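Colleague: Numbering-wise, the working numbering puts 97 at position 86 of the sequence shown, and it's gapless, one number per residue.
Glycine included, every Cβ here is placed at the ideal spot set by N, Cα and C.
As the structure is a prediction and not an experimental result, all values here were calculated from the model.
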Amino acid sequence: WKLNKNRMLLAVTVYISSILVRSIIDMGVYASGFDIDITVAGGLDIGMIMGFILFTIQLEFMFYLMDLPKLYTLPVIITTYLMMGRILVDSSIPFIIYAMITGYGSAFFLIKDGRKSRNGLAIGMGLFFLFWGLGSTFQIEILFVSLRLVAMIALFLGTKGFYEKYVFVNVEEEQKIMGTWIAKLVVKE
12 WKLNKNRMLL AVTVYISSIL VRSIIDMGVY ASGFDIDITV AGGLDIGMIM GFILFTIQLE
72 FMFYLMDLPK LYTLPVIITT YLMMGRILVD SSIPFIIYAM ITGYGSAFFL IKDGRKSRNG
132 LAIGMGLFFL FWGLGSTFQI EILFVSLRLV AMIALFLGTK GFYEKYVFVN VEEEQKIMGT
192 WIAKLVVKE
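#1: At what residues does the alpha helix (DSSP H) containing residue 80 begin and finish?
#2: For residue 158, which residues in the same chain have their Cβ closer than 6 angstroms to its Cβ, ignoring the five residues on either side in sequence?
#3: From residue 32 to residue 187, what distance separates their C-alpha atoms?
#4: Who are the near neighbours of residue 156 in its chain, counting only those whose CB is closer than 8 angstroms to its CB and skipping five residues on each side?
#5: If you draw a straight line from the alpha carbon of residue 109 to that of residue 172, how long is it in whole angstroms?
#6: Exposed or buried, what is residue 134 when buried is set at 16 or more other beta-carbons lying within 10 Å of its beta-carbon?
#7: Under three-state DSSP, which class holds residue 202?
#8: With a threshold of 16 other CB atoms inside 10 Å of the CB of residue 86, please say whether the residue is buried or exposed.
#9: Return the CA-CA distance between residue 148 and residue 107, expressed in angstroms with no decimal places.
#10: With DSSP as the reference, label residue 12 as helix, strand or coil.
#11: Can you give me the Cβ contacts of residue 122 inside the same chain, cut-off strictly under 8 angstroms, excluding the 5 residues immediately before and after it?
#12: Hey, residue 83 and residue 74: beta-carbon distance below 7 angstroms or not?
#13: Relative to the C-alpha of residue 66, which candidate in 178, 164, 30 has its C-alpha closest?
#14: Residue 51 by DSSP, collapsed to three states: which one?
#15: Does the Cβ-Cβ distance between residue 55 and residue 112 come in under 7 angstroms?
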């Protein structure tokens, strides 16, 4: 898909590894019993920097998939601008808006493109971004964990070829099966 499925899986692995590192940091903070935000400057802390990096990678990846090389530097510019704004003004609303646009926009694009090209990996990645974003939106713990688990399962099914095999119906193969059944019925009569 695009140039090479292995390259796509490598990009997904880098993104998932980044999320895993952030989750391990969050679990370490949660397990230690106290919540310390290491502030870099102004209102910018380590968790916010990790979030900016993740959303920059996600938006960069989306522009790569859309084959828009002129926009490859846009996520870095947006992230730099938002990080400077976070230092000057202690408001997380611009980050939340950026995260929602990036997360849901890339989910919509990947699901739409995956349906059009009949690519299960794209569908799995789109569902991953959608459910992961929804899990981050809701702050109810059981819903948060459940949606993130569903996101991981959707991505796993996409990488294993489940959607190509069971969701997308192969019209040519279906017509061959119908032709075989009709031939068997004609022979029986």
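Modeller: For this structure:
#1: Premise fails: residue 80 is in no alpha helix (DSSP H) and is neither H nor E.
#2: 142, 145, 146
#3: 48 angstroms
#4: 146
#5: 31 angstroms
#6: buried
#7: Since the first residue of the chain shown is 12 and the last is 200, residue 202 is not available in this structure.
#8: buried
#9: 9 angstroms
#10: Confidence in residue 12 is poor, its pLDDT being 46 and thus under 50, which makes the residue's placement unreliable; the coordinate value appears in the next sentence. Three-state DSSP puts residue 12 in coil, outside helix and strand.
#11: 133, 134, 137, 138, 141
#12: yes
#13: 30
#14: strand
#15: no
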